[in-house]
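Read in order, the letters of the sequence shown are residues 55 to 269 in our numbering.
Below: one structure, written as structure tokens.
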Amino acid sequence: MTNDLLARITNSLVDGDPELTVAMTREALAAGTEPLAIIESGLVPGMRIVGEKFSCGEYFLPNLIVAAKGMKQAMQLLEPELRNRQQAVKSPGTVVIGTVQGDIHEIGKSLVATMLAANGFEVHDLGVDVPIDKFVGTVRQTGANLVGLSSLLTTTMVMQRKVIEALAAAGVRNQVKVMVGGAPVSRKWAEEIGADGYAEDAVDAVDLAMRLASW
Ligand code: HCB
55 MTNDLLARIT
65 NSLVDGDPEL
75 TVAMTREALA
85 AGTEPLAIIE
95 SGLVPGMRIV
105 GEKFSCGEYF
115 LPNLIVAAKG
125 MKQAMQLLEP
135 ELRNRQQAVK
145 SPGTVVIGTV
155 QGDIHEIGKS
165 LVATMLAANG
175 FEVHDLGVDV
185 PIDKFVGTVR
195 QTGANLVGLS
205 SLLTTTMVMQ
215 RKVIEALAAA
225 GVRNQVKVMV
235 GGAPVSRKWA
245 EEIGADGYAE
255 DAVDAVDLAM
265 RLASW
């Protein structure tokens, strides 16, 4: 039953039917499916398939836009549920997170931000297309100990390196650990640019943030 619902959520994204995505997400929640399972086994596979179809020329930009609308609306239902599951724990740290300059992909970054908040982190989500100085200024203002940089485009990955360099130039690099993520980003890239860690998905990001915050 649950697997069938999750497969239907995936298909609704691939078919570009945001209303059905939301209706199925609501149904899955009502059936007692964990919000994280809905995201990881229903929504994310759908977005992956849409991305693959776009890559091979079967889908075009409007298909991405419609799929993103379905995912965003479903996330609006799921985010409060994720937050409700927050344990009353001492805050493990303060995170400044955003999608780097030139890049407007927000779904993955927002999911990581929600999951960090749900795990007790104080989260300053700067949104998308975030200028380098904004990251540096917010780290200064908040005294954050973690920075999360999201990049979904090969052309904007370089901004992750630039933010790290700017944090160093501003004298705050020692105060923060930097984790990077996004579809084209890898562990190798993270090492190359001097980041402190790479996270493949939101669960991995929480795990990494917990480890980095306790260093
Ligand atoms: Co967009 N797009 N897109 N797109 N897009 C991608 C990213 C491509 C890979 C599609 C493809 O070609 N296969 C491709 C990039 C190719 C490349 O550079 N290698 C691409 C392109 C080319 C473009 C445009 C240039 C298209 C155009 O205009 N011709 C354009 C760029 C605009 C810009 O940014 N300047 C564009 C636009 C769009 C939208 C607006 C239509 C839409 C975004 C809507 C929105 O976010 N509000 C969109 C979408 C939806 C996608 C795909 C299909 C899905 C992205 C997504 O939401 N995934 C994507 C295909 C793909 O990624 N496979 C495609 C789901 C989330 C949950 O996963 O990977 O984002 P995630 O995040 C994970 C993970 O990476 C990690 O945890 C997250 C949660 O699990 N993570 C972090 C992410 N950030 C982290 C930070 C951390 O610190 C730690 C972990």
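Don't be surprised by glycine CBs; every beta carbon is placed ideally from N, CA and C.
Distance cut-off 7 Å: residue i Cβ against heavy atoms of the ligand HCB
| i | result |
| --- | --- |
| Arg102 | yes |
| Ala208 | Looking at the sequence provided, one finds Thr at residue 208 rather than Ala. Thr208 Cβ: within cutoff of the ligand HCB. |
| Lys126 | yes |
| Gly162 | yes |
| Phe175 | no |
| Asp71 | no |
| Met233 | yes |
| Asp270 | Lying outside 55 to 269, the shown extent of the chain, residue 270 is not represented and no answer is given. |
| His178 | no |
| Phe189 | no |
Euclidean distance between Cα positions of residue i and residue j
| i | j | result |
| --- | --- | --- |
| Val120 | Gln229 | 40 Å |
| Thr87 | Gly70 | 23 Å |
| Val68 | Met78 | 14 Å |
| Ser268 | Pro72 | 40 Å |
| Gly225 | Ile218 | 11 Å |
| Asp58 | Ile161 | 24 Å |
| Val184 | Thr64 | 30 Å |
| Ala142 | Val98 | Residue confidence is low: Ala142 scores 49 on pLDDT, short of 50, so the model does not pin down where it sits. No coordinate-derived value is stated. |
| Gly105 | Ala237 | 10 Å |
Cβ shell of residue i (< 6 Å), same chain only, five flanking positions each side left out
| i | result |
| --- | --- |
| Arg215 | Ile247 |
| His178 | Val150, Thr192, Thr196 |
| Ile103 | Val68 |
| Lys231 | Leu200, Asp250, Leu266 |
Per-residue burial, residue i [other beta carbons within 10 Å of its own, 16 or more giving buried]
| i | result |
| --- | --- |
| Lys163 | buried |
| Leu115 | exposed |
| Gly235 | buried |
| Gly96 | buried |
| Pro89 | buried |
Anticipated Cβ contact below 8 Å, residue i with residue j, distance rounded
| i | j | result |
| --- | --- | --- |
| Thr209 | Gly156 | 7 Å |
| Thr153 | Val182 | 4 Å |
| Leu165 | Met129 | 7 Å |
Same chain, Cβ closer than 7 Å to residue i, five either side skipped, listed in chain order
| i | result |
| --- | --- |
| Met264 | Pro146 |
| Ala61 | none |
| Leu74 | Ser66 |
| Ala172 | Leu136, Arg137, Arg139, Gln140 |
Any C-beta of chain D under 8 Å from that of residue i
| i | result |
| --- | --- |
| Ala167 | Reference to chain D is not applicable here, since this structure consists of a single protein chain. |
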